[in-house]
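Chemist: Pasting a structure below so you can have a look.
In the numbering used here, the protein residues as written are 333 to 649.
Set out below in structure tokens:
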């Protein structure tokens with residue numbers, strides 16, 4: 333009995349020390365996320381010059397215009413950065429997300445507390461690609477709640493965004509991210525989803541516009557029995573750069589992940605990037621995982637990069 337307890341304690345402690353070889357350590361401290369040079373693994377596909385100063389970072393009061401359709405069981409309010417951190421979730425894994433947390437003029441807090449009888453929709457519209465915009469959104473899903481939430485992005489923008497989901501035990505969430513930007517838009521986003529024990533997540537991502545879009549989606553698990561399905565669809569036209577990076581961190585045993593992204597591209601210098609990474613920690617025994625990316629290149633001059641990765645710290649999968 334004592335040996336079993338010691339083994340469980342050792343496994344739990346190891347969770348704090350094992351880090352992904354492909355991703356930096358999560359941190360809210362901006363100093364931990366220096367301006368990238370393009371030689372870093374997580375930035376090597378990104379055309380940094382086209383971010384037009386976004387990654388240098390400066391404070392801005394510019395906001396996206398927001399409208400919402402919220403059924404009973406959903407509330408929306410504004411909180412401080414420190415209050416947002418106290419709600420939990422995954423800290424920023426790159427500079428764009430850290431800048432969004434540091435400089436967003438406010439934090440939008442979406443609380444889901446019951447079983448919704450209709451989807452909740454929040455529409456976010458950019459008014460100008462010349463003005464730097466920062467957005468920080470936190471979605472809290474109460475234990476055993478059930479909901480569908482759509483974040484609908486459109487217009488013109490130069491946006492750095494951090495969207496954090498904290499999904500309670502036994503909850504069920506369908507989260508949809510639709511980015512249908514105008515062609516002059518720049519969007520660097522991190523979607524961070526922390527899933528509670530026996531909770532179920534389905535995340536749908538649609539990227540259909542923008543000059544350059546870089547979306548990082550990160551998953552971790554707060555207890556056994558948690559399940560995540562991540563689906564994505566994207567289409568790039570001439571000159572567009574659409575980049576999707578997924579990091580599934582199996583931080584608990586008997587958890588499940590399924591990743592399937594599909595893209596199409598056409599036109600000169602259309603470029604899509606998909607990088608998937610699954611980290612299976614020593615504690616994450618008896619898990620199930622799958623990742624797939626398919627691309628349809630419709631013309632000459634277009635390029636699709638697709639890189640799956642798997643990091644395994646245990647032999648009991």
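Backbone N, C-alpha and C fix where the C-beta goes; we use that ideal spot for every residue, glycine too.
Quick caveat: nothing in here was measured; it's all calculated off a predicted structure.
Quick one: residues in its chain with C-beta nearer than 7 Å to the C-beta of residue 492, no 5 flanking neighbours on either side, listed in chain order?
Modeler: Result list for residue 492: 386, 428, 431, 432, 466, 520, in chain order.
Chemist: Below 8 Å on the Cβ atoms is my guess for residue 637 versus residue 605; work out the distance and round it to an integer in Å.
Modeler: Going by Cβ atoms, the distance from residue 637 to residue 605 rounds to 5 Å, so yes, they are a contact pair.
Chemist: Under 7 Å Cβ to Cβ from residue 642, same chain only, skipping five residues before and after it: list those, please.
Modeler: Closer than 7 Å at Cβ, skipping near neighbours: 610.
Chemist: Over the uninterrupted alpha helix (DSSP H) stretch that includes residue 427, give me the two end residues.
Modeler: Element bounds for residue 427: 427–435.
Chemist: Using only the alpha-carbon positions, how far apart do residue 547 and residue 404 sit?
Modeler: Each residue's alpha carbon lies about 30 Å from the other.
Chemist: Out of curiosity, what's the CA-to-CA distance linking residue 640 and residue 608?
Modeler: The straight-line gap from Cα to Cα measures roughly 5 Å.
Chemist: Would you report the Cα separation of residue 478 and residue 448, rounded to the nearest angstrom?
Modeler: Going from the Cα of residue 478 to the Cα of residue 448 covers about 6 Å.
Chemist: Would you say residue 408 and residue 444 are within 8 Å of each other, going by their C-beta atoms?
Modeler: Going by C-beta atoms, residue 408 is not nearer than 8 Å to residue 444.
Chemist: If you draw a straight line from the C-alpha of residue 576 to the C-alpha of residue 549, how long is it?
Modeler: Cα to Cα, residue 576 sits roughly 8 Å from residue 549.
Chemist: Using 8 Å as the cut-off, can you tell me whether the region 456–463 makes contact with the region 571–589, which would need three or more C-beta pairs spanning the two stretches below that distance?
Modeler: Cβ pair count under 8 Å is below three, so no.
Chemist: Are there 16 or more other CB atoms within 10 angstroms of the CB of residue 624, so buried, or fewer, so exposed?
Modeler: Residue 624 should be labelled exposed.
Chemist: Among 418, 622, 564, 518, which residue has its Cα nearest to the Cα of residue 462?
Modeler: Of the listed residues, the one whose Cα sits closest to residue 462 is 518.
Chemist: Kindly provide the ranges of any beta strand (DSSP E) runs that are 3 or more residues long and lie completely inside the region 513–578, ordered along the chain.
Modeler: Fully enclosed beta strand (DSSP E) runs of 3 or longer: 518–527, 532–539, 544–553, 559–568.
Chemist: What first and last residue would you give for the alpha helix (DSSP H) that runs through residue 417?
Modeler: Taken as a continuous stretch (DSSP letters only), the alpha helix (DSSP H) holding residue 417 covers 413–418.
Chemist: Provide the residue(s) that pair with residue 640 in DSSP beta bridges, ordered along the chain.
Modeler: DSSP lists 608 as partners of residue 640.
Chemist: State buried or exposed for residue 535, treating a residue as buried only when at least 16 other CB atoms are found within 10 Å of its CB.
Modeler: So residue 535 ends up on the buried side.
Chemist: Using a Cβ-Cβ cut-off of 6 Å (strictly less than) and excluding sequence neighbours within five positions of residue 570, which residues of its own chain qualify?
Modeler: Cβ neighbours of residue 570 beyond the five flanking positions: 599, 600, 602.
Chemist: Grab the span of the beta strand (DSSP E) containing residue 367 for me, first residue to last.
Modeler: First-last for residue 367: undefined, no H or E at that position.
Chemist: Taking the alpha carbon of residue 583 as the reference point, which residue from 572, 566, 596, 645 has its own alpha carbon closest?
Modeler: Measuring from the Cα of residue 583, the nearest candidate turns out to be 645.
Chemist: Using only the alpha-carbon positions, how far apart do residue 612 and residue 581 sit?
Modeler: Taking the straight line joining both Cα atoms gives about 7 Å.
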